[in-house]
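Residue numbers (my numbering): 57 to 509.
Using N, Cα and C, we set each Cβ at its ideal position, and we do this for glycine too.
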Ligand SMILES: Cc1cc2nc3c(=O)[nH]c(=O)nc-3n(C[C@H](O)[C@H](O)[C@H](O)COP(=O)(O)OP(=O)(O)OC[C@H]3O[C@@H](n4cnc5c(N)ncnc54)[C@H](O)[C@@H]3O)c2cc1C
């Protein structure tokens, strides 16, 4: 990267909007934060760089929500806005329930999800800024006075009393100068796409595993080693939601790396279909790419340094927190060059090879008790030294193992709801974020439909 610089003369920027709470990043996490705060009476703005809401869930075509039950699959542990969105999607035939025998619970239609998120924001009078990129904060000491966005209007400012960074990469936290860290090895990225015609290949070649069949062609098509997998678009078997192979060593918070990887992701998506066409001939004649995700699927970049860093042991041993604002059972799931390692709360351990086969063992003896779920403390959402900033989603403060579980959407989304409620707490009681009354946040979350224990 060049080290040359240009000088931008200082200039005044028009204020586009003033509100109580401004959220940077309009994934499901960001939308849930906005809606929960708005329901309590806050005026809220939300800034999203994409043309649609939903982030990874919609624009990167990662259309799965995992279990909302405890380990025994008896008691529901996640409710809140997730329940409301599931009901809305169900009424449009846009969600598929999966018996939670393994890890998954729902697959949703990403396009329908994005429309529901639009509706949710509008119903709650949240002021959306789409195709609007947050570029820099305006600081007043350690307070954020405003954020500068770049959109079709040029540079504009949004003033707010509280801010939430739900940008995934911690753009606001880092540019505001608050500490953030990256784990030594980042989880890989993957690029998703929609394809037509795979179902026909399956029908005409019963019992054949498509990846195993095309794998010998990988070198010829410059296809990276790990297995892609076929997700579903609910109730639309003609379409396959293809989850791309894991691309290791990619730091998606580096703009040049991001550009290269987006283009490589698209190339790989089509190369995979070319491999299928070559291997299956006539039965794959109709295989075609119908949509390329507008956004790269990023599993991990930065983590804010917060009042507490959740650890793998906290998670796997179900540590109780008096400021718990979320609950989960998803395993510690770490993708790495050697495959995928999963540690389940019930003591099982699964190692999936890059080719896709799984080996099972135990990390904890069967004689030891299994916690029913893990808890997510509010302290992991409060950046150190910040006065009026909270974080939500994958920027949460967690060590490598804990993050492996917290990073999935049912968990990120709960941190969004918690951040929205906590932000309102801070605004309405006029306190800095480290003095937010967690008991009150828990009580408001429960009153608003979240399951709080
Ligand atoms: C390939 C893959 C498979 C996965 N599989 C699953 C799965 O099966 N189930 C599951 O639950 N989870 C899965 N995950 C993990 C999960 O999808 C993500 O961790 C989660 O969606 C992250 O949500 P988030 O809201 O924190 O961040 P993101 O979804 O990354 O949202 C950040 C939002 O902020 C916006 N933004 C960023 N910077 C700016 C800026 N400067 N200005 C304005 N807007 C900005 C982005 O456009 C985006 O909308 C997977 C992830 C990947 C990549």
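Between residue 496 and residue 482, the alpha-carbon positions lie close to 11 Å from each other. Beta-bridge annotation (DSSP): residue 215 is paired with 74, 202. The three-state secondary structure of residue 96, taken from DSSP, is coil.
Secondary structure at residue 195: strand, using DSSP grouped into helix, strand and coil. In this structure the segment 187-194 lies against the segment 97-108, because at least three pairs of beta carbons, one per stretch, are closer than 8 Å. DSSP lists 439 as the beta-bridge partner residues of residue 362. Distances taken from the Cβ of residue 358 to the heavy atoms of ligand 1 include none shorter than 8 Å. Here residue 147 is exposed, its C-beta having fewer than 16 other C-beta atoms within 10 Å. The three-state reading of DSSP puts residue 230 in helix, counting H, G and I together. The DSSP-derived three-state label of residue 325 is helix. Distances between the C-beta of residue 218 and the heavy atoms of ligand 1 are all 8 Å or more. Per DSSP, residue 249 is not a residue of any alpha helix (DSSP H); the beta strand (DSSP E) it occupies stretches across 248-252. Between the beta-carbon of residue 436 and that of residue 454 there is about 6 Å, and that keeps the pair under the 8 Å contact cut. In this structure, residue 123 has its CB at a distance of at least 8 Å from all heavy atoms of ligand 1. Segment contact: the segment 211-224 against the segment 266-279, fewer than three CB-CB distances shorter than 8 Å; contact not assigned.
The Cβ atoms of residue 501 and residue 345 lie no closer than 9 Å to each other. Contact between the segment 288-307 and the segment 376-388 is absent, with fewer than three C-beta pairs closer than 8 Å. If you draw a straight line from the Cα of residue 174 to the Cα of residue 85, it is about 13 Å long.
Exclusion of the five residues before and after residue 260 leaves 339 as the residues of its chain whose Cβ lies within less than 6 Å of its Cβ. Listed as beta-bridge partners of residue 153 by DSSP are 162. For residue 358, the CB contacts under 8 Å within the same chain, skipping 5 residues up- and downstream, are 225, 226, 229, 230, 236, 237, 238, 309, 451 in chain order. Measuring C-alpha to C-alpha distances from residue 328 to each of 316, 343, 287, 96 identifies 343 as the nearest. Within 8 Å of the C-beta of residue 300 there is at least one heavy atom belonging to ligand 1. By the criterion of a C-beta distance shorter than 6 Å, residue 351 is surrounded in its chain by 115, 116, once the five residues flanking it on both sides are discounted. Along the length of the segment 358-429, whole alpha helix (DSSP H) runs at least 4 residues long occupy 368-372, reported in chain order. In the displayed model, residue 336 falls within a helix according to three-state DSSP. Note on geometry: alpha-carbon atoms of residue 388 and residue 67 lie some 48 Å from one another.
Ligand 1 has a heavy atom closer than 8 Å to the beta-carbon of residue 82. Under DSSP, residue 345 forms a beta bridge with 251.
With respect to the 9 Å criterion, residue 144 and residue 290 are not classified as neighbours on the basis of their beta carbons.
Apart from sequence neighbours up to five positions away, the residues of its chain that approach residue 489 with a beta-carbon distance below 7 Å are 438, 442, 443, 444, 445, 446, 482, ordered along the chain. The beta carbon of residue 202 lies closer than 8 Å to those of 71, 193, 194, 213, 214, 215, 216 in the same chain, with the five residues before and after it left out. Under DSSP, residue 431 forms a beta bridge with 383. Spatial neighbours of residue 494 in its own chain (CB-CB distance under 6 Å, excluding positions within 5 residues in sequence) are listed in chain order as 379, 434. When rounded, the separation of the alpha-carbon atoms in residue 110 and residue 170 is 6 Å.
Closest in C-alpha terms to residue 182, from the list 92, 135, 123, 321, comes 92.
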